[in-house]
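First the structure, in the form of structure tokens, and then the observations on it.
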Amino acid sequence: MEYKKNLLENVHFGLKLPANESKSSLIRGNYLYYHYKCDGFNDVGWGCGYRTLQTICSWVKNHFDIQDSKSAPEVPSIIELQKALVEIGDKNVSFIESREWIGSVEVSYCLDYFYKIPCRILHCRNIQELQKHGSDIFDHFIQHGSPVMMGGDRDCSSKGILGIAETNDGTFFLILDPHFSGPSATREKLQKDGWIKWHKVNDLDSSSFYNLCFPLINI
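Counting from 1, one number per residue, gives the positions in the sequence shown under UniProt numbering.
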């Protein structure tokens with residue numbers, strides 16, 4: 001697909017770790033940064049979950065391409081993702097070409113449908129529970145190395161989690177934000193503008209629950 005030429009790869013490269021970092025773990029492998037309107041399809045205001053899923057799909061496809069273990073499908077479009085959720089019975093037919101959001105559970109269904117990748121869903125009632133599961137997130141990046149999808153209720157903006165770091169000032173997530181909708185930008189510009197950054201967990205919405213989707217692929 002022609003638009004893929006404009007997708008940036010590994011936009012976290014060169015980003016410094018948080019100050020006073022004592023322990024950190026990041027994804028391994030390569031991914032493409034999918035975001036609002038990146039393929040010419042206008043999904044501003046509702047498509048963030050699909051874009052985070054597409055970023056994860058690009059990582060999965062790259063992994064299989066390198067391993068040469070199977071012929072992995074291309075990254076599906078938003079409409080193809082919607083059709084898959086209808087086909088498995090998760091959504092009604094009216095879901096296709098709608099502007100309905102998806103979250104971590106739907107992401108897990110799609111990764112299984114397109115790539116036969118099992119996922120683990122972690123539900124955290126608040127950021128305090130999210131903090132307590134820091135060791136699980138560390139272990140995921142060590143064992144599997146894949147990007148993690150995170151969504152919530154009050155904080156309903158999809159986030160791609162690419163890493164975790166412990167510091168003297170608390171726990172930080174490396175968050176890839178799919179809400180960028182501007183023209184093609186450089187990796188440095190995206191980092192400067194905060195589309196990929198280290199975000200303190202305590203600064204997330206304290207009134208929101210969070211669901212995380214961990215793709216369980218072995219590196």
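Virtual Cβ for every residue (Gly too), placed ideally from N, Cα, C.
A quick note: this is a predicted structure, and the numbers were derived from the prediction, not measured.
Backbone CA spacing between residue i and residue j [nearest angstrom]
i: Ser94; j: Asp169; result: 47 Å
i: Leu130; j: Ala19; result: 21 Å
i: Thr52; j: Trp46; result: 12 Å
i: Arg99; j: Ile196; result: 25 Å
i: Leu122; j: Gly182; result: 32 Å
i: Phe83; j: Tyr33; result: The amino acid occupying residue 83 in the given sequence is Lys; Phe does not appear at that position. Answer to the nearest angstrom: the Cα atoms are 23 Å apart.
i: Tyr113; j: Pro76; result: 11 Å
i: Glu21; j: Ile219; result: 25 Å
i: residue 233; j: Ser71; result: Past the boundaries of the shown model lies residue 233; the chain is included only from 1 to 219, so the question cannot be answered.
i: Tyr50; j: Leu15; result: 25 Å
i: His199; j: Ile175; result: 7 Å
i: Val60; j: Leu216; result: 10 Å
i: Ile66; j: Glu188; result: 27 Å
i: Ile96; j: Glu9; result: 29 Å
i: Lys132; j: Ile164; result: 13 Å
Cβ neighbours of residue i in the same chain (closer than 7 Å, five flanking residues each side left out)
i: Asn6; result: Ser184
i: Asp153; result: Ser208, Phe209
i: His140; result: Val148, Phe214
i: His63; result: Gly29, Ile217
Coarse secondary structure for residue i, derived from DSSP in three states
i: Val148; result: strand
i: Met1; result: Confidence in Met1 is poor, its pLDDT being 47 and thus under 50, which makes the residue's placement unreliable; the coordinate value appears in the next sentence. Of the three classes helix, strand and coil, the one that applies to Met1 here is coil, per DSSP.
i: Asn202; result: helix
i: Thr186; result: coil
i: Arg51; result: helix
i: Leu176; result: strand
i: Tyr210; result: strand
i: Ser104; result: helix
i: Gly160; result: strand
i: Leu85; result: helix
i: Ser25; result: strand
i: Cys38; result: coil
i: Ile142; result: helix
Residue from the options with nearest C-alpha to residue i
i: Gln143; options: Phe214, Ser104, Gly151; result: Phe214
i: Pro178; options: Ser157, Glu188, Glu80, Gly163; result: Ser157
i: Val44; options: Val148, Phe180, Ile219; result: Phe180
i: Pro73; options: Trp198, Leu17, Gln54; result: Gln54
i: Arg28; options: Phe172, Tyr50, Gly145; result: Gly145
i: Tyr31; options: His12, Phe41, Lys23; result: His12
i: Cys124; options: Ile137, Tyr113, Ile175; result: Ile137
i: Gly194; options: Phe41, Phe173, Asn211, Tyr210; result: Phe173
i: Gln128; options: Lys16, Gly160, Phe209; result: Phe209
i: His35; options: Leu216, Asp139, Cys48; result: Cys48
i: Ser58; options: Gly182, Leu111, Thr171; result: Leu111
i: Ile161; options: Gly103, Leu212, Ile79; result: Leu212
i: Ser25; options: Thr167, Lys189, Arg187, Ile217; result: Thr167
i: Lys159; options: Ile79, Gly40, Ile102, Leu81; result: Ile102
i: Val107; options: Lys37, Met150, Ser135, Phe41; result: Met150
i: Asp39; options: Thr171, Ile78, Asn126, Lys192; result: Ile78
i: Phe41; options: Leu17, Glu80, Lys23; result: Glu80
CB contact check: residue i to chain B, cutoff 8 Å
i: Cys38; result: No chain B appears in this structure, which consists of one protein chain only.
Cβ-based neighbour list, residue i, same chain, cut-off 6 Å, excluding 5 preceding and 5 following
i: Asp155; result: Asp205, Ser208
i: Leu190; result: Val11, Ile196
Close-in-space but distant-in-sequence residues of the same chain around residue i (CB under 8 Å, 5 per side omitted)
i: Tyr109; result: Ala84, Leu85, Ile88, Asp90
i: Lys23; result: Phe138, Ala165, Glu166
| task | Decide if the region 111-124 is in contact with the region 193-205; the criterion is three or more beta carbon pairs, one per stretch, under 8 Å apart. | result | Result no; under three Cβ-Cβ pairs closer than 8 Å.
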